[in-house]
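Residue numbers (our numbering): 58 to 294. Single-structure report; data block below.
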């Protein structure tokens, strides 16, 4: 069964009964009820949970965005979530510290903005219980729900921080950021693009991945080597 798109309040906006259903039926940790939350209360919640204010403002989200939150019980970090079609996605890059992951300390000292970068083997086990690294099929379904790969980057990128003002519309609250990628502990393409892992191998050495660039409206499904370190978005089981 697919979840219908109904507006929810995130800071300000409308709340529907759908979010309560999703929280009880899908999320394994506490969901946040934003109904009746005043602006100062929302700001206090942000300070408590460490939400990244450099790139996210609830006023930026259009009424098409169906959003909530999830708390990772392993380390207490809270992530925004977005419902797109029947999928529930983390709407921030994963920031769980595990072996074979790293942080771009010069750009983002505590990984709050861009999250951590994971090799493929690390990414395969990095998502919390009840979530998983998205497969090729998961990504393909996401793109079909937002209008196809030709416009997916525009629909999924944030409205801020991409190079040369080539920002997205963030239509669904997915909020893809230009985190770049890492190889041999060096960082590349930060502020210009991002690459997300999938769980699906294309060969013994390569994995299907999702690439978005600042100047392109399309999202590309590419084949990348497993020893690179990319961003991780988890999707609910």
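All residues carry an ideal CB built from backbone N, CA and C; glycine is no exception.
Quiz item: Are the beta-carbon atoms of residue 224 and residue 214 separated by less than 9 angstroms?
Solution: One thing to note: residue 224 has its Cβ within 9 angstroms of the Cβ of residue 214.
Exercise. Report all residues from its chain with a CB closer than 8 angstroms to the CB of residue 159; omit the five preceding and five following residues, and keep chain order.
Key: For residue 159, where only same-chain residues beyond five positions count, the Cβ hits under 8 angstroms are 173, 174, 239, 242, 286.
Quiz item: Does the Cβ-Cβ distance between residue 183 and residue 291 come in under 9 angstroms?
Solution: It is a contact, given that the beta carbons lie within the stated cut-off.
Quiz item: Does DSSP classify residue 199 as helix, strand or coil?
Solution: Reduced to three states, the DSSP call for residue 199 is helix.
Self-check item: Beta-carbon contacts of residue 16 that lie in its chain and below 7 angstroms, excluding the five residues immediately before and after
Solution: In the structure as shown, the chain starts at 58 and stops at 294, and residue 16 therefore has no counterpart that could be examined.
Exercise. Within the same chain, show all residues whose beta-carbon is closer than 7 angstroms to that of residue 245, passing over the 5 residues directly before and after it, in chain order.
Key: Within the same chain, residue 245 has close Cβ partners 237, 238.
Exercise. Just mark residue 279 as buried or exposed, buried being the case when its beta carbon has 16 or more other beta carbons within 10 Å.
Key: Exposed, because fewer than 16 other Cβ atoms sit within 10 Å of the Cβ of residue 279.
Self-check item: Other residues of its chain near residue 177: CB distance less than 7 angstroms, five sequence neighbours each side excluded
Solution: Setting aside the 5 residues that flank it on each side, residue 177 is surrounded in the same chain by 254, 264, 283, each with a C-beta closer than 7 angstroms to its C-beta; the list follows chain order.
Quiz item: How is the alpha helix (DSSP H) around residue 208 delimited, first residue to last?
Solution: Going by DSSP, residue 208 is part of the alpha helix (DSSP H) stretching over 206 to 213.
Exercise. Using only alpha-carbon positions, find the residue among 261, 269, 277, 258 that is nearest to residue 251.
Key: It is 269.
Quiz prompt | Among 165, 169, 199, 153, nearest to residue 181 - alpha-carbon criterion | solution = Considering only alpha carbons, the answer is 153.
Practice problem: Could you tell me the distance, in whole angstroms, from the CA atom of residue 288 to the CA atom of residue 294? | Solution: Computed Cα separation, rounded: 19 angstroms.
Quiz item: Do residue 135 and residue 129 have their C-beta atoms within less than 9 angstroms of each other?
Solution: The criterion of a C-beta distance shorter than 9 angstroms is satisfied by residue 135 and residue 129.
Quiz item: Start and end of the beta strand (DSSP E) containing residue 256?
Solution: 250 to 258 is the extent of the beta strand (DSSP E) around residue 256.
Exercise. Let me know the secondary structure DSSP gives residue 163 once reduced to three states.
Key: Coil.
Quiz item: Out of curiosity, what's the CA-to-CA distance linking residue 262 and residue 118?
Solution: Roughly 39 angstroms separates the two Cα atoms.
Quiz item: According to the neighbour-count rule (16 or more other Cβ atoms, all chains shown, within 10 Å of its Cβ), is residue 185 buried or exposed?
Solution: A residue is called buried once 16 or more other Cβ atoms fall within 10 Å of its Cβ, and residue 185 is buried on that count.
Quiz prompt | 8 angstroms contact criterion, which residue 231 and residue 146 should meet: CB distance rounded | solution = 6 angstroms between Cβ atoms; contact.
Quiz prompt | Cα-Cα separation, residue 203 to residue 259 | solution = Answer to the nearest angstrom: the Cα atoms are 25 angstroms apart.
Quiz item: By a C-beta neighbour count over all protein chains shown, 10 Å radius and 16 as the cutoff for buried, is residue 125 buried or exposed?
Solution: With 16 or more Cβ atoms within 10 Å of its Cβ, residue 125 is classed as buried.
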